[in-house]
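S.K.: Note that the sequence shown covers residues 1 to 110 in full-length UniProt numbering. Have a look at this one.
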Amino acid sequence: MENPFITLDQRLSHIEQILLNMQQNFHHVKEAVNFNPTVSEFMDTTEVAELARVELTTIYSYNSRGSIPIYSSETPLIYKREEILEWLANNKKLTPKLQKQMEERKLLKK
């Protein structure tokens with residue numbers, strides 16, 4: 001039988017690592033945004049790519065899979081800054097709230 005204190009120590013170490021990763025992700029997002037009040041509420045694809053630190057083609061790929069929250073699918077694509085920040089904070093995954101918003105806008109890919 002395994003020592004329960006060893007198991008607890010392993011779990012605690014795992015939780016600490018998760019928390020450190022989350023802290024780094026939030027720090028990255030805060031740095032990128034800079035919380036400037038003159039920053040626009042809406043973003044284009046280039047701005048999203050810069051904020052997410054990925055190539056423009058990656059953002060288009062996320063869009064074609066329906067895995068990024070878009071505000072308007074008209075050309076050019078428009079994204080809400082608040083939604084992109086939430087998406088980035090959730091490791092580039094749609095939260096239930098974002099999924100619901102996409103469904104309401106009829107923009108969620110199935």
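Using N, Cα and C, we set each Cβ at its ideal position, and we do this for glycine too. Small disclaimer: the values here were computed from a predicted structure and weren't measured.
Rounded to the nearest angstrom, what separates I6 and L12 at their Cα positions?
M.R.: As a working mapping, residue 6 is identified with position 6 in the sequence shown. As a working mapping, residue 12 is identified with position 12 in the sequence shown. Answer to the nearest angstrom: the Cα atoms are 10 angstroms apart.
S.K.: If we ignore side chains and look at the alpha-carbon of each, how far apart do A49 and P4 end up?
M.R.: Counted from its first residue, the sequence shown places residue 49 at position 49. Counted from its first residue, the sequence shown places residue 4 at position 4. Approximately 46 angstroms, taken between the alpha carbons.
S.K.: Identify every residue that forms a DSSP beta bridge with M43.
M.R.: Translated into positions along the sequence shown, residue 43 becomes position 43. BP columns for M43 point to Y79.
S.K.: With 16 other CB atoms within 10 Å as the buried threshold, where does P69 fall?
M.R.: Here residue 69 is taken as the residue at index 69 of the sequence shown, counted from 1. It is buried - the Cβ of P69 has at least 16 other Cβ atoms within 10 Å.
S.K.: Along the chain, where does the alpha helix (DSSP H) containing L56 start, and where does it finish?
M.R.: Taking the sequence shown and counting its residues from 1, the one referred to as residue 56 is at position 56. Taken as a continuous stretch (DSSP letters only), the alpha helix (DSSP H) holding L56 covers L56 to R65.
S.K.: Rounded C-beta distance between A89 and N25? I'm assuming under 8 angstroms.
M.R.: The residue labelled residue 89 in the question sits at position 89 within the sequence shown. The residue labelled residue 25 in the question sits at position 25 within the sequence shown. The pair is a contact, with the Cβ atoms about 6 angstroms apart (cut-off 8 angstroms).
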